[in-house]
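Worksheet: one structure, shown below.
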């Protein structure tokens, strides 16, 4: 246990012992060979105590004291690896769980030594990911390795040289995602299949994330953090730096798109299973059906729907990820997820008591179906109850914003703050009952607007505790709500007097005020059910992506430069080369127009009726456009041609 404690202390990079161990000389090969000899003898004799001690020694040696540079060292490493795998793959009746755990920790500590190449590590991870469900040792090794990699990614969230080592390739990520989807579906299915007591125990253990889910969370957070939170270096304006930043951002966006596509596909499977389990529970006659339906939301939060999807949806709303490529790739999956979450949320809502009161009882339903009033039939045809029926969607600042000074206030203290709640018709202020100041002129002034130049609403100061000022301004600090018209209020407080020696803190407490857009806190919603919140988030993201698809590609710099030219009516008469079925047709020249070559600028001109009818065919002549007199004058000045003169004929 002393060696084990030493290993745990050495795992922390901030402790002096870590630096001390890191500076020691590497262990020689014959010492590691002696350790392997002791392990082999202990395995033959079945001495579990010595086996556990040697496994902890392996962890320390692999982490600090060994470097496989020579061929002899590599032979000893292969021998150590064979001993560890022999223990790992031993039957459960021959090895205890504690030893199996220490073996996994030893392999994880010496992962880069036992498997020096990237291909070898990938083969090991592929083995534990594909065969982990069939072998408990491989399953535990998988959990230890992924947990370690997840911690390393979290510690290097904003990028380092070891990112490629901690981030696995797409094939391994696909295997991990399949395990996460399977775990999520199994967890949801247990809500229907396990007994009542097992279901209560299940509720007490969630929402704990598995090692595979934790690793996916770490990878997702790592990619999103580097794409959204990191800003380019403003001091480095070199072309190579800008080009490198652009390439890095493009690589990150490509990785995010690939990961997001896989996560949304997995969530689609989990939501389909959730809908099936919800429907089965609703139609079942088990005694604790209501408790299971209520606990289903908590169980769902423990799956990838609760740990991965909300963070991904929020991050995809960032401008850096609101791209046409993202929208085009993710839109079909988002629509499908919106349908699944909305339908499942509605299924769960139909079982709530509030919603059930709106519907008639099952026994009376057949009789009332044929005797509906015209108004009821019209209501049914007009709109069906949705998953948002009867729910209060939380408004901005619904819980209120608190504005307060320091407590107690000090001499010459000044405070000013403005609160703005968009869309509010009026604001309601509720003051703390401890509000007080030393004198009447140590006061708070409230303005209905964004500055102290706005309309003054009220002013409060003083205290009723018998210190300093015995009276207060007006009616004192308000006990009831103070109503301020508009959506903005400004607080201005100033401590003008010096504190007297006998004035206690409670007489100079300052003030605290809560600003709300509702008259009472009872109107504030306590939040939305998880699936309803998820459906709304998916709907908002889908609408945002749909807007991007509707707007199309961004306007290029060349298009911005040529905006006036593109709007020119002269270009509207041009006939361009047209591509059809992969063949580019030659540019057509305008055929002779039936319109006169010159148009009198001073006269109103109307097109002949036969010109307004387009001829048969793919190409037809556009009518000539009457240019304004100013443009005609400029064109004649540039061309040097005078305006034609019409002379009366002489008979």
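In my numbering, the protein residues as written are 923 to 1573.
Yeah, the Cβ is synthetic: ideal placement off N, Cα and C, and Gly gets one too.
Sort 976, 1559, 1246 by Cα distance to residue 957 and report the nearest one.
-> 976
Excluding the 5 residues preceding and the 5 following residue 1145 in the sequence, name in chain order all residues of the same chain whose CB lies nearer than 8 Å to its CB.
-> 1174, 1177, 1178, 1181
Can you tell which of 1031, 1023, 1036, 1141 has the C-alpha that lies nearest to the C-alpha of residue 1077?
-> 1141
Given residue 1192 as reference, the closest of 1341, 1210, 1423, 1231 once Cα atoms are compared | 1231
With a cut-off of 8 Å, do at least 3 Cβ pairs link the region 1400-1418 to the region 1331-1349?
-> yes
Find the nearest neighbour of residue 1225 within the set 1424, 1198, 1104, judged by alpha-carbon distance.
-> 1104
Alpha carbon to alpha carbon, how far is residue 1206 from residue 1212?
-> 11 Å
Counterpart residues of residue 1413 in DSSP-defined beta bridges | 1339, 1368
Assign residue 1561 to one of two classes, buried (16 or more other C-beta atoms within 10 Å of its C-beta) or exposed (fewer than that).
-> exposed
Burial state of residue 1330 (16 or more Cβ within 10 Å) | buried
Residue 1026 classed as buried or exposed, judged by whether at least 16 other C-beta atoms fall within 10 angstroms = buried
According to the neighbour-count rule (16 or more other Cβ atoms, all chains shown, within 10 Å of its Cβ), is residue 1435 buried or exposed?
-> buried
Candidates 1065, 1039, 1042, of which the one nearest residue 1051 by Cα = 1065
Label residue 1250 either buried or exposed according to how many other C-beta atoms from any shown protein chain fall within 10 Å of its C-beta, with 16 as the threshold for buried.
-> exposed
State yes or no: is the C-beta of residue 1383 within less than 9 Å of the C-beta of residue 1362?
-> yes
Let me know the secondary structure DSSP gives residue 1097 once reduced to three states.
-> helix
Straight-line CA distance for residue 1247 to residue 1183?
-> 12 Å
With residue 1463 and residue 1203 assumed to form a contact (beta carbons below 8 Å), what rounded beta-carbon distance in angstroms separates them?
-> Their Cβ separation, rounded to whole angstroms, is 29 Å, which puts residue 1463 and residue 1203 out of contact at 8 Å.
Mind checking whether the beta-carbon of residue 1138 lies closer than 8 Å to any heavy atom of the ligand NAP?
-> No copy of the ligand NAP appears in this structure; indeed no ligand is present at all.
Locate the beta strand (DSSP E) running through residue 1353, then write down its first and last residues.
-> 1348-1353
Boundaries (first-last residue) of the alpha helix (DSSP H) holding residue 1212 = 1211-1223
Quick one: what's residue 1041 bridged to in DSSP?
-> According to DSSP, which records beta bridges pairwise, residue 1041 is partnered with nothing at all.
Roughly how many angstroms separate the alpha carbons of residue 1235 and residue 997, rounded to a whole number?
-> 50 Å
Cα separation between residue 1109 and residue 1128?
-> 10 Å
Name the DSSP beta bridge partners of residue 1435, please?
-> 1325, 1353
Applying the criterion that 16 or more other CB atoms from any shown protein chain within 10 Å of the CB defines a buried residue, is residue 1518 buried or exposed?
-> Here the model assigns residue 1518 a pLDDT of 45, short of 50, so the residue's position is not dependable and the matter cannot be decided.
Identify the continuous beta strand (DSSP E) that holds residue 1381 and give its terminal residues.
-> 1377-1383
Cα separation between residue 921 and residue 1242?
-> Residue 921 lies beyond the stretch modelled for the chain, which goes from 923 to 1573, so this question has no answer here.
Between 1047, 1563, 1400, 979, which lies nearest to residue 1386 when the distance is taken from Cα to Cα?
-> 1400
Is residue 1036 near residue 984, with beta carbons less than 9 Å apart?
-> yes
Taking residue 1405 as part of the alpha helix (DSSP H), name the residues at either end of that continuous run.
-> From DSSP, residue 1405 is part of no alpha helix (DSSP H) but of the beta strand (DSSP E) over 1404-1407.
When the distance is taken between beta carbons, is residue 955 closer than 9 Å to residue 1001?
-> yes
Name the two residues that bound the continuous alpha helix (DSSP H) containing residue 1136.
-> 1133-1150
Would residue 1467 be called buried (16 or more neighbouring beta carbons within 10 Å of its own) or exposed?
-> buried
Alpha carbon to alpha carbon, how far is residue 1437 from residue 1352? Give it in angstroms, no decimals.
-> 7 Å
Mark residue 1107 as exposed unless 16 or more other C-beta atoms lie within 10 angstroms of its C-beta, in which case mark it buried.
-> buried
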